[in-house]
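Here is the structure we will look at, set down as structure tokens.
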Amino acid sequence: MSSSAEEIEQLISQEYKQGFVTELEVDTFPPGLDEDVIAKLSKIKNEPDFMLEYRLKAFRHWQTMKSPDWAQLNIEPIDYQSISYYSAPKRKEDGPQSLDEVDPELLDTYKKLGIPLDEQERLAGVAVDAVFDSVSVATTFKGKLKDAGVIFCPISEALQEHPELVKQYLGSVVPEADNFFAALNAAVFTDGSFVYIPKGVRCPMELSTYFRINAANTGQFERTLIIADEGSHVSYLEGCTAPMRDENQLHAAVVELIVLDNAEIKYSTVQNWYPGDENGVGGIYNFVTKRAECRGSNSKVSWTQVETGSAITWKYPSCVLLGDDSVGEFYSVALTNNYQQADTGTKMIHIGKNTSSTIISKGISAGKAQNTYRGLVKVGKRAENARNYTQCDSLLVGDKCGAHTFPYVEVKQPSAQIEHEATTSKISEDQLFFCQQRGLSAEDAVSMIVNGFCKEVFKELPMEFAVEAQALLGISLEGSVG
Amino acid sequence: MANNYSAEYEKTSDALPGQSLDWLKVIRADAFKCFSDKGFPSLREEEWRYTNVAAIEKKLFTPQFNVEVNEIDKELLQNYQLDGVFTIVLVNGRVSLEHSNLEGLSDNISVLSMVDALDQKPELVEKYLAQAVNDKEHSFVAFNTAWFSDGLFIHVQANQVIEKPIQLLHIVTQADLLATTRSIVVVDEMAEASIIETYVGVENVYLTAAVTEVFVGKNAVLTLYKMQSEGDKAYHFGGIYVKQDKESRFTHHNFSFGGLLARNDIHTDLNVASECDLNGLFLGVKRQHIDNHTRINHAQPHAMSRELYKGVLNQRARGVFQGRVIVAEDAQQTNSEMNNRNLLLSNDAEVDTKPQLEIYADDVKCAHGVTVGQLDEKSVFYLQSRCLDEKTARNILTFAFANEMVDKIKVESLHEKLLLQLLQRFPQEGVEKSWL
Amino acid sequence: MLSIENLHASVGDTSILKGVNLQINPGEVHAIMGPNGAGKSTLSHVLSGKPGYIVTEGKVIYKGQNLLEMEPELRARAGVFLAFQYPVEIPGVSNIYLLKAALNAIRKHNGLEEVDAMDFLTLVKDKIKLLQMDEKFLYRAVNEGFSGGEKKRNEILQAAILEPALCMLDETDSGLDIDALKIVADGVNSLRSEDRSFLMITHYQRLLDYIKPDFVHVLAHGKIVKSGGAELALELEAKGYQWVEGQAA
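Chains A, B and C supply the protein sequences, listed in that same order.
Under numbering that gives the first Met the number 0, the first sequence has 470 at position 471, and the numbering climbs by one with no breaks.
Under numbering that gives the first Met the number 0, the second sequence has 98 at position 99, and the numbering climbs by one with no breaks.
Under numbering that gives the first Met the number 0, the third sequence has 178 at position 179, and the numbering climbs by one with no breaks.
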């Protein structure tokens with residue numbers, strides 16, 4: 000490889016800054032999974048009976064399923080009996096009622112991650128639910144949200160406080176038998192966020208959940224459920240980090256979004272799980288099922304994701320466009336470096352009339368990484384005037400990586416208009432030289448090129464996350480945010 | 000699973016050509032084992048997810064050997080025999096020299112039936128047979144290798160340029176017949192040739208399973224045309240597997256019109272600085288199912304590939320396009336473009352398309368595009384502003400959409416035939432027969 | 000022949016024409032000039048019936064008929080021809096096919112027999128010489144792979160064959176070098192007659208050196224702000240559009 004290609008790679012690589020471990024007293028289940036473990040889990044959480052039944056049903060189904068092998072991924076077999084399915088910081092009987100009661104060690108951890116949980120310190124306008132291993136440790140701005148009628152709390156709490164809402168919607172978008180990882184999640188999920196925006200309410204602040212895996216040999220199985228009732232609007236963000244460990248750790252989450260008439264959910268992710276080291280040792284297996292159902296007419300869902308972490312990413316945030324005139328959007332930047340592998344994309348299922356969807360996917364592959372876009376655009380028989388526009392571009396850095404594009408287009412409706420475009424290119428030495436010859440440093444040139452490449456996605460991110468995404472990619476975002 | 004076919008194979012395999020050749024016996028036996036182990040493809044296989052072949056499995060199609068065919072439907076022959084070309088007619092999977100015409104063909108170009116080639120030049124057949132395709136590729140290839148009854152062996156020697164195309168006219172005259180032909184085309188260094196494969200048959204149920212292996216030598220040029228106009232109830236599997244040497248050029252024009260279920264596989268392996276062009280047009284009416292698979296393997300640097308497949312689906316027809324471009328780690332400076340454009344003309348038509356890029360090299364320029372949808376509204380308005388009513392404008396544009404592929408054909412008699420087929424299958428008001 | 004009264008038109012929520020009045024009599028050549036974005040092309044689009052424009056007010060009478068109620072092809076068959084600023088490429092449809100289909104549509108509209116193939120070819124070959132085009136163009140797909148100049152000549156060729164009563168030229172001079180411009184202008188001039196009118200839309204005065212207009216109108220902010228004879232074009236060239244735009248405000 001030439002020196003300038005190396006230079007480009009270096010510019011893309013950077014040290015994982017969130018890899019520290021928090022020393023805490025914890026309650027952890029011994030490794031292993033059977034019906035007893037699930038019962039114990041449900042008991043600890045003091046769940047209503049329907050939950051245990053739901054979990055056991057999922058578990059029984061999961062045992063009949065096989066891990067999916069169709070993705071362009073090389074996954075070491077996972078021993079599900081060697082994982083601990085519950086780990087939580089030790090706490091008082093009732094759990095913390097206010098931030099003052101949260102273990103200072105934990106507050107410190109979040110502070111180090113740049114997520115101060117103190118409401119005074121916290122940027123006003125963003126409420127945070129902090130999930131640490133298997134439990135939510137703190138949720139900020141609850142009072143202010145309550146005034147607006149918005150429910151934003153850990154899902155374990157929602158099961159206590161609003162069981163009827165959870166029962167109505169949980170598993171209604173991603174059924175417990177949907178796929179291998181979703182079934183596992185349904186059986187063992189421990190916490191996650193619950194959001195309900197009532198009719199006609201525009202959520203007064205951004206909601207966000209910060210996921211942190213800390214304990215070794217545990218899996219994180221979180222469950223997020225967001226319901227936007229008629230005419231409501233919410234913007235939700237999530238971030239994720241984990242310590243550097245040599246063992247792979249499993250993160251199998253399920254996110255369900257329900258959007259009713261004229262409502263809108265904007266869901267943004269900056270995923271920075273530990274990716275493993277430069278030799279491909281360690282890192283998180285990120286196997287996530289995310290799906291939104293636009294049930295109401297004129298409803299809208301927008302997924303934006305910046306995926307830079309994880310050893311393996313298997314993730315397809317999808318939109319089921321049931322309501323007439325509903326809109327689905329997917330904006331994605333996926334960066335893989337070293338030995339990282341990503342197989343990610345979306346599904347846009349057009350069922351209602353006049354539904355439209357947009358897919359913008361940008362894959363950047365460096366080192367020995369493999370980066371795959373996999374997407375499905377499906378137009379049903381009754382989806383008159385369905386529209387889809389897909390653009391998926393890949394950028395290759397170095398000659399040992401791979402970039403793959405697997406779009407599926409299935410159309411049963413003659414008035415549909417579907418357009419898919421894909422390109423693959425590299426940052427060429429000619430481009431670099433040209434920029435340098437015009438007086439730019441190599442760094443600035445790469446930054447400019449990568450920045451330009453990702454621009455369409457970054458502009459979909461809320462401002463603060465755009466800044467974080469910029470930091471993650473190690474590039475300047477000047478002029479591209481807004 | 001493939002049991003009734005196994006029994007039939009036991010019964011008939013002794014009559015297959017070349018059974019006195021030990022090497023071929025082994026190849027055939029291995030292929031049959033491969034087929035009977037795997038059975039017919041299922042919808043669970045990624046390469047077959049949109050195409051169900053259960054109907055073939057349920058039926059038993061039987062081959063016909065050593066039966067002289069004297070009676071050919073004169074009309075079929077007249078309708079599909081092209082002017083201004085050399086013609087070889089294959090009837091029910093066997094070459095029929097009496098209907099063929101190779102008058103004036105240079106001695107440096109050998110055109111033999113596969114039966115004769117196995118008899119006269121077995122070592123040459125051994126050199127090429129099953130070299131461009133592996134039986135594991137899919138069950139129909141294994142099926143063909145095990146069971147081929149005849150085919151062509153065409154060898155164009157170095158520096159030779161064939162002045163006229165060679166037409167291989169496959170005709171099936173009987174119901175329930177299994178026509179399995181295996182052909183080999185070798186174009187040596189600097190040579191140039193063009194070959195037209197035509198598939199036609201009676202209006203009964205029958206099965207064609209044809210495989211053509213192609214070897215394009217250094218700096219050689221081959222253009223291969225395929226016009227598939229099988230009978231309305233026929234099943235058709237046609238695989239074309241190409242090995243291209245350095246700086247060679249291969250062009251394929253694939254016109255898929257006939258059959259109840261048709262599957263085309265076109266694979267090419269590109270060498271250094273070679274080029275390929277894959278063009279295709281599939282028209283589906285009634286309950287037709289047409290499936291096209293292409294694979295372009297950029298194994299070496301500096302090669303270029305271009306691909307354009309167009310589909311027009313009417314009534315209850317279903318079209319499938321799965322295109323795959325693979326760029327290997329060493330295939331730097333690859334240039335590849337793949338496009339698939341589809342029009343759906345009815346509420347019950349369907350199209351499934353999957354253009355894939357798999358790229359393991361960084362210095363490449365690859366793009367692909369897909370559209371499913373309606374006619375360009377700007378063009379509709381332009382034609383309206385030139386006095387045509389909207390319906391006529393749309394009919395003309397639909398026809399033009401398909402005709403763009405036919406227009407690429409420079410062999411006059413073939414061009415005319417294709418145009419006729421297009422008009423027959425899409426009788427569109429306002430589109431005159433005297434299309435210019 | 001054509002009478003435009005208080006024409007208002009918009010695209011989406013943006014109103015573009017804000018009360019255009021214009022009278023064109025048989026045999027007259029009118030030029031519409033104006034700065035970019037004044038609504039010149041919109042006027043020709045609205046008159047030819049291009050989808051996407053909403054007429055919010057006013058009327059247009061062409062030969063006693065309400066033009067705005069007619070389908071685009073009926074307008075064309077009735078003799079309203081638009082030479083497009085950006086002629087559309089139609090892959091797969093040959094030029095000669097389009098010409099024949101269009102001519103026959105007009106003839107049918109007028110109760111005439113379809114044109115005889117030989118007569119048609121003679122006619123086309125005759126006209127194509129006028130535009131100094133190669134016969135090969137006839138057999139190529141409509142505008143596909145044509146240079147800018149070739150496309151514009153092709154538009155005039157269509158006009159020459161279809162013989163419209165009202166010929167609108169939308170920025171026909173843009174993208175032409177001087178030689179091509181002369182050829183196009185010669186073609187247009189040869190079409191001038193007592194019963195044929197022209198509406199030329201142009202940003203530059205240059206075209207008017209070769210096709211001399213009877214009237215020049217300046218369109219600014221969606222209205223005709225000044226009208227005059229051929230000399231107005233020269234004045235505009237000298238003083239710039241700010242001169243009339245100022246008057247509009």
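We put the beta carbon where it would ideally sit given N, CA and C, even for glycine.
Predicted, not measured: the structure shown is a model, and the values here were computed from it.
{"Query": "Cβ separation of A/Thr552 and A/His403, assumed to be a contact under 8 Å, to the nearest whole Å", "Result": "The structure shown does not extend to residue 552 of chain A, since chain A spans only 0 to 481, so no value can be given for it."}
{"Query": "Reference C/Ile3, options C/Thr41, C/Val59, C/Ile15, closest by Cα", "Result": "C/Val59"}
{"Query": "Beta-bridge partners of C/Met167, as assigned by DSSP", "Result": "C/Leu81, C/Leu198"}
{"Query": "Interface residues of chain C facing B/Arg385 [CB-CB closer than 7 Å]", "Result": "Ala75, Leu97, Ala101, Gln157"}
{"Query": "Any chain C beta carbon closer than 8 Å to B/Tyr381", "Result": "yes"}
{"Query": "Per-residue DSSP class, three states only, for A/Thr63", "Result": "coil"}
{"Query": "For A/Glu22, the nearest candidate out of A/Ile226, A/Leu105, A/Val101 (CA to CA)", "Result": "A/Leu105"}
{"Query": "B/Arg43 - partner residues in DSSP beta bridges", "Result": "In DSSP, B/Arg43 forms no bridge with anything."}
{"Query": "Min CB distance B/Phe281 to chain C below 8 Å", "Result": "no"}
{"Query": "Proximity below 8 Å, CB of A/Ile311 to CB of A/Asn285", "Result": "yes"}
{"Query": "For B/Gln63 and B/Leu176, believed in contact at Cβ under 8 Å, the rounded distance", "Result": "6 Å"}
{"Query": "Sub-8 Å separation of A/Ala185 and A/Asp132 beta-carbons", "Result": "no"}
{"Query": "Nonlocal neighbours in the same chain, by C-beta distance under 6 Å from C/Leu21, ignoring five residues either side", "Result": "Ile3"}
{"Query": "Segment limits, beta strand (DSSP E) that includes A/Cys391", "Result": "386-396"}
{"Query": "Nearest-angstrom beta carbon gap, A/Cys293 and A/Gly327 [assumed within contact, 8 Å]", "Result": "7 Å"}
{"Query": "B/Trp146, buried or exposed, once every other Cβ within 10 Å from all chains shown has been counted against 16", "Result": "buried"}
{"Query": "Contact with chain B by A/Asp398, beta-carbon distance below 8 Å", "Result": "yes"}
{"Query": "Candidates B/Ala190, B/Glu403, B/Gln420: closest to B/Leu221 by CA position", "Result": "B/Ala190"}
{"Query": "Interface partners of C/Gly57 on chain B, CB under 9 Å", "Result": "Neighbours of C/Gly57 on chain B: none; closest Cβ ~21 Å, over 9 Å."}
{"Query": "Any chain C beta carbon closer than 8 Å to B/Ser445", "Result": "As displayed, chain B neither begins before 0 nor continues past 435, which places residue 445 of chain B out of reach and without an answer."}
{"Query": "Residue range of the beta strand (DSSP E) that includes A/Pro153", "Result": "150-153"}
{"Query": "Selected residue, minimal CA-CA separation from A/Pro29, among A/Asn261, A/Thr217, A/Lys377, A/Val376", "Result": "A/Thr217"}
{"Query": "For B/Gly257 and C/Leu122, the rounded distance between their alpha carbons", "Result": "41 Å"}
{"Query": "CB of A/Asn518 within 8 Å of CB of A/Ala365, strictly", "Result": "The shown model of chain A, from 0 to 481, leaves out residue 518 of chain A, and the question about it has no answer."}
{"Query": "C-beta contact flag for B/Leu343 and A/Pro413 at 8 Å", "Result": "yes"}
{"Query": "Any C-beta of chain A under 8 Å from that of B/Gly216", "Result": "no"}
{"Query": "B/Tyr240 versus A/Gly374 - alpha carbon distance", "Result": "29 Å"}
{"Query": "Length of the line joining the Cα atoms of B/Ala141 and A/Ile350", "Result": "41 Å"}
{"Query": "Whole-angstrom distance between B/Phe34 and A/Leu476, CA atom to CA atom", "Result": "Any answer about A/Leu476 is weak, because its pLDDT of 28 lies below 50 and its placement is not dependable; what the coordinates show is given next. Going by the C-alpha atoms only, they are around 57 Å apart."}
{"Query": "Proximal residues to C/Leu67 (C-beta, below 6 Å), its chain only, five neighbours per side dropped", "Result": "Val54, Val59"}
{"Query": "Three-state secondary structure (DSSP) of A/Lys458", "Result": "coil"}
{"Query": "Chain-ordered residues of the region 406-425 of chain A with a beta carbon less than 9 Å from chain B", "Result": "Pro406, Tyr407, Val408, Glu409, Val410, Lys411, Gln412, Pro413, Ser414, Ala415, Gln416, Ile417, Glu418, His419, Glu420, Ala421, Thr422, Thr423, Ser424, Lys425"}
{"Query": "Rounded C-alpha distance that separates A/Gly481 from A/Ser267", "Result": "Since pLDDT at A/Gly481 reaches only 23, below the 50 mark, its modelled position is unreliable, and the value read off the structure follows with that caveat. For A/Gly481 and A/Ser267, the distance between alpha carbons rounds to 15 Å."}
{"Query": "Chain C within 8 Å of B/Lys353, Cβ atoms only", "Result": "no"}
{"Query": "Neighbour flag for A/His403 against chain B, beta carbons, 8 Å", "Result": "yes"}
{"Query": "Close-in-space but distant-in-sequence residues of the same chain around B/Lys443 (CB under 6 Å, 5 per side omitted)", "Result": "Because chain B spans 0 through 435 in this model, residue 443 of chain B falls outside it and cannot be assessed."}
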